[in-house]
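Asker:
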Amino acid sequence: MKLDPFYLIVDSAAWIARLVPLGVKLVQLRIKEMDKAALCEEVIEARRICAEHDCQLIVNDHWRLAIETDCDFIHLGQEDLAGADLDAIRAAGLKLGISTHDGAELRTALAEKPDYVALGPVYPTILKKMKWNPQGLDRLADWRKRVGHVPLVAIGGLNPERLPGVFAAGADSAAVVTDITLNPDPEARTREWLAATAQWR
Numbered sequence: 000m001k002l003d004p005f006y007l008i009v010d011s012a013a014w015i016a017r018l019v020p021l022g023v024k025l026v027q028l029r030i031k032e033m034d035k036a037a038l039c040e041e042v043i044e045a046r047r048i049c050a051e052h053d054c055q056l057i058v059n060d061h062w063r064l065a066i067e068t069d070c071d072f073i074h075l076g077q078e079d080l081a082g083a084d085l086d087a088i089r090a091a092g093l094k095l096g097i098s099t100h101d102g103a104e105l106r107t108a109l110a111e112k113p114d115y116v117a118l119g120p121v122y123p124t125i126l127k128k129m130k131w132n133p134q135g136l137d138r139l140a141d142w143r144k145r146v147g148h149v150p151l152v153a154i155g156g157l158n159p160e161r162l163p164g165v166f167a168a169g170a171d172s173a174a175v176v177t178d179i180t181l182n183p184d185p186e187a188r189t190r191e192w193l194a195a196t197a198q199w200r
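Have a look at this one:
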C-alpha cells in the first residue's frame with residue numbers, strides 16, 4: 000500500500016474538521032483519555048468528515064471501537080499491541096500501523112505483518128516524554144533496509160525544513176503533531192506541509 004507523505008495526527012474531530020478540508024489525505028485520531036460514549040462520537044464524526052474529503056482515517060489504540068464504528072485502519076503502540084486481539088483485528092479487515100523505537104520492537108512489529116511501521120522520535124519532540132533518544136536519519140535509513148517493502152513512517156520533531164532529509168533517508172510518510180497544532184496559524188502551517196510534501200505525493 001502507499002501512504003500519503005503528509006501524515007497529520009490530532010486529538011479531536013474538531014481538528015479534523017478544521018484541517019482535513021484543506022487537502023489532508025491521511026490523518027490519525029489520537030485520543031488518550033475520554034469516556035467511551037464521547038470517544039465513539041468523536042470517531043464517528045471524524046470518520047464522516049474524512050469520508051467526505053477522501054481522507055484516510057487512522058484510529059489510535061482503540062481497536063475495539065474502530066471495529067464497532069466500521070473504521071478500516073488502526074495504529075497501535077507496543078503496549079497496546081501486546082494487549083490487542085490481533086485475530087479480531089484481522090477478521091474485521093483492519094489495516095494496522097505499529098510504533099517502533101528499537102530493534103526488538105521492530106522485530107515484534109514485523110512479525111505481525113503490519114501495513115506500515117513508524118519510527119520515532121527522529122528528532123527531539125515535545126509531544127511526550129520518551130525513554131528513547133532521538134533516532135536520527137541514520138537509524139531511519141537503517142529501518143528502511145530492515146522493513147523491506149513495508150511503508151515507513153517517520154515521527155518526532157518534524158517540520159517542513161526537515162522533510163528532504165527524512166524522505167532521502169527512506170521514509171514514505173512524515174507524521175506531524177505539534178508543529179501544526181501548536182502553531183499560531185494551524186491552517187497556514189498545514190498548507191505549508193501540503194506544499195512541502197507535494198513532490199513525494
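Sequential numbering from 0 applies to the sequence shown in numbering that gives the first Met the number 0. The beta-carbon is built from N, C-alpha and C at its ideal position, and this holds for glycine as well.
DSSP state of Lys-144, grouped into three classes?
Answerer: Numbered from its first residue, the sequence shown carries residue 144 at position 145. Helix.
Asker: Would you kindly report the start and end of the unbroken beta strand (DSSP E) that includes Val-152?
Answerer: Looking up residue 152 in the sequence shown gives position 153. That run of the beta strand (DSSP E) goes 151-154.
Asker: Counting along the chain, where does the beta strand (DSSP E) carrying Ala-117 start and finish?
Answerer: What you label residue 117 is simply residue 118 of the sequence shown in a count that begins at 1. 115-118 is the extent of the beta strand (DSSP E) around Ala-117.
Asker: Asp-10: which of Met-0, Gly-22, Lys-1, Met-33 sits nearest, CA to CA?
Answerer: In the sequence shown, the residue the question calls residue 10 occupies position 11. Nearest of Met-0, Gly-22, Lys-1, Met-33 to Asp-10, Cα basis: Met-33.
Asker: For Lys-31, does the three-state DSSP call read helix, strand or coil?
Answerer: By 1-based counting over the sequence shown, the position of residue 31 is 32. Coil, per DSSP.
Asker: Nearest to Gly-169 by CA position, among Asp-178, Ile-154, Ile-179, Thr-180, is which residue?
Answerer: If you number the sequence shown from 1, residue 169 lands on position 170. When each option's Cα is compared against that of Gly-169, the closest is Ile-154.
Asker: Can you give me the C-alpha to C-alpha distance between Ile-88 and Ile-66, rounded to a whole angstrom?
Answerer: For the purposes of this step, residue 88 is taken as residue 89 along the sequence shown, with counting starting at 1. For the purposes of this step, residue 66 is taken as residue 67 along the sequence shown, with counting starting at 1. In a straight line, the C-alpha of Ile-88 is about 8 angstroms away from that of Ile-66.
Asker: Measuring CB to CB, does Leu-28 end up less than 7 angstroms from Ala-45?
Answerer: On the sequence shown, residue 28 is found 29 positions in, with the first residue counted as 1. On the sequence shown, residue 45 is found 46 positions in, with the first residue counted as 1. Cβ atoms of Leu-28 and Ala-45: closer than 7 angstroms.
Asker: Roughly how many angstroms separate the alpha carbons of His-61 and Ile-73, rounded to a whole number?
Answerer: What you label residue 61 is simply residue 62 of the sequence shown in a count that begins at 1. What you label residue 73 is simply residue 74 of the sequence shown in a count that begins at 1. Going by the C-alpha atoms only, they are around 8 angstroms apart.
Asker: Count the other CB atoms within 10 Å of the CB of Ala-167; is the residue buried (16 or more) or exposed (fewer)?
Answerer: As a first step, residue 167 must be located in the sequence shown, where it is residue number 168. Ala-167 is exposed by the Cβ-count criterion.
Asker: Pick out whichever of Leu-56, Leu-95, Leu-80 has its Cα sitting closest to the Cα of Glu-104.
Answerer: Position 105 of the sequence shown holds residue 104. Comparing Cα-Cα distances from Glu-104 to each of Leu-56, Leu-95, Leu-80, the minimum goes to Leu-80.
Asker: DSSP on Leu-80, reduced to helix/strand/coil?
Answerer: Along the sequence shown, one-based indexing puts residue 80 at 81. In the structure shown, Leu-80 sits in a helix (DSSP, three-state: H, G or I).
Asker: Going by DSSP, which residues form a beta bridge with Ser-98?
Answerer: Here the question's residue 98 lines up with position 99 in the sequence shown. According to DSSP, which records beta bridges pairwise, Ser-98 is partnered with Ala-117.
Asker: Would you give the residue range spanned by the beta strand (DSSP E) that Ala-197 belongs to?
Answerer: Residue 197 sits at position 198 when you count from the first residue of the sequence shown. No beta strand (DSSP E) contains Ala-197, which DSSP labels as neither H nor E.
Asker: How many Å lie between Gly-164 and Asp-137 at the Cα?
Answerer: Counted from its first residue, the sequence shown places residue 164 at position 165. Counted from its first residue, the sequence shown places residue 137 at position 138. Inter-residue distance for Gly-164 and Asp-137 is about 10 angstroms (C-alpha atoms, whole angstroms).
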